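Number of protein chains: 2
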Amino acid sequence: MERELISHLRTLLPTNEHVVIGPGDDAAVLRTTADANIVVTTDALTDGVDFVIAHQDVVRVGHKALAVNLSDLAAMAARPVAALVSLVLPSTDGDRIARQLYEGMSPLAERFKLAIVGGDTNSWDGPLAISITAIGETTFKGPLTRSGARPGDMLLVTGELGGSILGKHLDFTPRVEEALHLHEKYELSAGIDISDGLSRDLHHLCAESGCGAVVRLDSIPVSSAADRLAATDRSGKTANEHAFSGGEDFELLFATSREVADRILADQPLPVPISSIGQFIEKQEVLALHADGTRTTLPNTGWEHHIS
Amino acid sequence: MERELISHLRTLLPTNEHVVIGPGDDAAVLRTTADANIVVTTDALTDGVDFVIAHQDVVRVGHKALAVNLSDLAAMAARPVAALVSLVLPSTDGDRIARQLYEGMSPLAERFKLAIVGGDTNSWDGPLAISITAIGETTFKGPLTRSGARPGDMLLVTGELGGSILGKHLDFTPRVEEALHLHEKYELSAGIDISDGLSRDLHHLCAESGCGAVVRLDSIPVSSAADRLAATDRSGKTANEHAFSGGEDFELLFATSREVADRILADQPLPVPISSIGQFIEKQEVLALHADGTRTTLPNTGWEHHIS
Numbered sequence: 001m002e003r004e005l006i007s008h009l010r011t012l013l014p015t016n017e018h019v020v021i022g023p024g025d026d027a028a029v030l031r032t033t034a035d036a037n038i039v040v041t042t043d044a045l046t047d048g049v050d051f052v053i054a055h056q057d058v059v060r061v062g063h064k065a066l067a068v069n070l071s072d073l074a075a076m077a078a079r080p081v082a083a084l085v086s087l088v089l090p091s092t093d094g095d096r097i098a099r100q101l102y103e104g105m106s107p108l109a110e111r112f113k114l115a116i117v118g119g120d121t122n123s124w125d126g127p128l129a130i131s132i133t134a135i136g137e138t139t140f141k142g143p144l145t146r147s148g149a150r151p152g153d154m155l156l157v158t159g160e161l162g163g164s165i166l167g168k169h170l171d172f173t174p175r176v177e178e179a180l181h182l183h184e185k186y187e188l189s190a191g192i193d194i195s196d197g198l199s200r201d202l203h204h205l206c207a208e209s210g211c212g213a214v215v216r217l218d219s220i221p222v223s224s225a226a227d228r229l230a231a232t233d234r235s236g237k238t239a240n241e242h243a244f245s246g247g248e249d250f251e252l253l254f255a256t257s258r259e260v261a262d263r264i265l266a267d268q269p270l271p272v273p274i275s276s277i278g279q280f281i282e283k284q285e286v287l288a289l290h291a292d293g294t295r296t297t298l299p300n301t302g303w304e305h306h307i308s
Numbered sequence: 001m002e003r004e005l006i007s008h009l010r011t012l013l014p015t016n017e018h019v020v021i022g023p024g025d026d027a028a029v030l031r032t033t034a035d036a037n038i039v040v041t042t043d044a045l046t047d048g049v050d051f052v053i054a055h056q057d058v059v060r061v062g063h064k065a066l067a068v069n070l071s072d073l074a075a076m077a078a079r080p081v082a083a084l085v086s087l088v089l090p091s092t093d094g095d096r097i098a099r100q101l102y103e104g105m106s107p108l109a110e111r112f113k114l115a116i117v118g119g120d121t122n123s124w125d126g127p128l129a130i131s132i133t134a135i136g137e138t139t140f141k142g143p144l145t146r147s148g149a150r151p152g153d154m155l156l157v158t159g160e161l162g163g164s165i166l167g168k169h170l171d172f173t174p175r176v177e178e179a180l181h182l183h184e185k186y187e188l189s190a191g192i193d194i195s196d197g198l199s200r201d202l203h204h205l206c207a208e209s210g211c212g213a214v215v216r217l218d219s220i221p222v223s224s225a226a227d228r229l230a231a232t233d234r235s236g237k238t239a240n241e242h243a244f245s246g247g248e249d250f251e252l253l254f255a256t257s258r259e260v261a262d263r264i265l266a267d268q269p270l271p272v273p274i275s276s277i278g279q280f281i282e283k284q285e286v287l288a289l290h291a292d293g294t295r296t297t298l299p300n301t302g303w304e305h306h307i308s
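Here the protein sequences come in this chain order: A and B. In terms of the working numbering, the first sequence opens at residue 1 and continues consecutively. In terms of the working numbering, the second sequence opens at residue 1 and continues consecutively.
Next comes the structure, spelled out in structure tokens:
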């Protein structure tokens, strides 16, 4: 990489009160809040798999690359602290791509008071690969995990699902503030962000919690994008099917006791709606409850590429 | 990725007492030592640039990918805590490559009591890209930075330099223990690991410290690999030139007062030799002092691709 580009990028990097030593040394040094634990996650996005730079705005790709990592912090109800950005740039047009990626990341970092404290910028003869590590810290409530759901708990979801491919998968705002607010104000049992699709991420939640769930299909909040997608694409899927298998909604799927769920649904404490869509059960299976009262197994379909 | 592979990899991942929540959730949660700051660094390695998997043992590539990150923690005199591993695998033979990379990383992680707490494993139609983030914590002495060298300080280096391309660049052991020991026992002013070459990394150290340096060329500890390389390669470079510009030595280059340097050189407290090779000066230039007493400007040559 050109020194000049690196100097330029450094001037763009947002900082915060956690940063003891920022970019320019062998590593960054961060001060975290006393008694907090740190929360770390990494997500890689690659050209041709998660985005197509020939057809998509690189600024939006930069936004997405950071946003998916912040969504993982949200899923743990962690407060964002810092991120490290590792770029492998194509040798052609690499400088422009790097600048535009940072242009997409910076406003999002600033919005969530996240410092970008370093990274590694390489170029090669291959396509663009972006790997970001986000670092957060737990609040006084500790982390929200995938493993705390219990039979009898209610299954709730923020926002509306499906059709993210029409735009939301690039432009979504991670539910960081929503997760922190819910986790602080109510006793949540477990949570996950919907990246692989409602169906698949519910399977993850159940597997880690050692229980099962029943989802009322007609309670799933279907987005207008899912309606549009069902009307135009050739897959033959209904809007409802897009909502439970589409993926990249980046909404929060979480478990609470029935009593807490009732309070949350009555309060509706967020700018986005919260819906109750089912309940956890003892038997380790994930079932769909249809409008006519029949039950079927909800397939474990969607993206599959995460190790953590 | 295949679920089966991910399950297999998880069983290999080393853990430690810092891990509150390991792989399997949206993010990992780590407990750090009270009063310690956290130290974070990321390095990406790519096929065709940092290694060539068609010609090199993938297990050794896995070792190297983790070792370069641990070397950055060593340069800050930080104690290793955890790492996150992000892999973008070629679609052909990706499973074997992933297993072998972890086979190379695991023994190194265990040696330094480092937990591998998660990551992201993807595949695509491109070549292998590896991005690792290492997390450490400061000791009671705080971090060792690049910016603390002062005119009059002595310039010291561990081990021997040059010719790493003959093997050491893949198989080196990062100077984690050496850095912790030196930083605990002596007052060091500044430090860096030699990844881009003595010449270039000394320029980094001087730039961040706002001073210059004079290096006595005949004091540079030249490795036998540099001699072999000088005897066989066609570049026409001397062993001494390989030692100051070769790169990927992953030795420690550090600054101390003359008094402390004298003690370190007398004590020789490490299993590897420590040599004094020069001195910091006020004027912001990096000079080479030749055996005949002449001085020339030491060129700022070597690898250039880091943002942090």
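For each residue, glycine too, the CB sits at the ideal point set by N, CA and C. As the structure is a computational prediction, the values presented were derived from the model and not from experiment.
Under a criterion of Cβ atoms nearer than 7 Å, no residue of chain B is adjacent to A:D153; the nearest Cβ is some 17 Å distant.
Contact of B:L156 with chain A is not assigned, every C-beta pair being separated by 7 Å or more. Contact note: B:T133 reaches chain A through T42, L84 and T133, using a C-beta cutoff of 7 Å and chain order.
Given a length threshold of 3 residues, each whole run of the beta strand (DSSP E) inside the segment 16 to 75 of chain A is given here in chain order: 19 to 21, 28 to 30 and 38 to 46. At a Cβ-Cβ threshold of 7 Å, B:G246 and B:S164 count as neighbours.
Straight-line measurement puts the Cα of A:E208 at about 56 Å from the Cα of B:D233. Fully contained in the segment 117 to 148 of chain B are the following beta strand (DSSP E) runs of length 3 or more, in chain order: 129 to 137. A:I130 has its alpha-carbon roughly 37 Å from the corresponding atom of A:Q279.
Considering only A:E137, A:D25, A:V85 and A:R150, the residue with the shortest C-alpha distance to A:A34 is A:E137. In chain B, no part has a C-beta under 7 Å from the C-beta of A:R96; the shortest such distance is about 16 Å. Judged by their CB atoms, B:A109 and B:P14 are nearer to each other than the 7 Å cut-off. DSSP places A:V260 in the uninterrupted alpha helix (DSSP H) bounded by R258 to D267. Residue pairing by DSSP places B:S276 opposite B:L156 in a beta bridge.
Counting along the chain, no alpha helix (DSSP H) covers A:D292, and no H or E run does either. When secondary structure is reduced to three states using DSSP, A:R79 falls in the strand class.
A:G104: member of the alpha helix (DSSP H) spanning G94 to R111, first to last residue.
In the three-state reduction of the DSSP assignment, B:F172 falls in the coil class, being assigned neither a helical nor a strand state. C-alpha of A:R10 to C-alpha of B:G236: approximately 38 Å in a straight line. By the Cβ criterion, the segment 144 to 156 of chain B is in contact with the segment 189 to 199 of chain B, since at least three pairs of Cβ atoms, one from each stretch, lie closer than 8 Å.
B:N300 is outside the set of residues whose beta carbon lies under 7 Å from a beta carbon in chain A.
Shown in chain order are the members of the segment 16 to 36 of chain B whose Cβ falls below 8 Å from a Cβ of chain A: V20, I21, P23, G24, D25, D26, A27, A28, V29, L30, R31, T32 and A34.
Assigned with DSSP and collapsed to three states, B:D218 falls in helix. Taken atom to atom, the span from the alpha-carbon of B:A179 to that of B:D26 is near 33 Å. When DSSP states are grouped into helix, strand and coil, A:I281 belongs to the strand group. Under the Cβ criterion of 7 Å, A:N122 is counted among the residues facing chain B.
B:A129 belongs to the set of residues whose beta carbon lies under 7 Å from a beta carbon in chain A. Beta-bridge annotation (DSSP): B:P90 is paired with B:W124. Residue range L188 to D193 is occupied by the beta strand (DSSP E) that includes A:S189. Interface criterion not met: the Cβ of B:V272 is under 7 Å from no Cβ in chain A. Inter-residue distance for B:E4 and B:R258 is about 57 Å (C-alpha atoms, whole angstroms). Comparing alpha carbon positions, the residue from B:A78, B:G159, B:G152 and B:V88 closest to B:F140 is B:A78. B:T232: member of the alpha helix (DSSP H) spanning S224 to T232, first to last residue. Chain A places no beta carbon closer than 7 Å to that of B:G246, leaving this residue out of the contacts. Distance from the CA of A:F51 to the CA of A:D292, rounded to the nearest whole angstrom, comes to 39 Å. Going by beta carbons, B:G118 and B:S86 fall outside the 7 Å limit.
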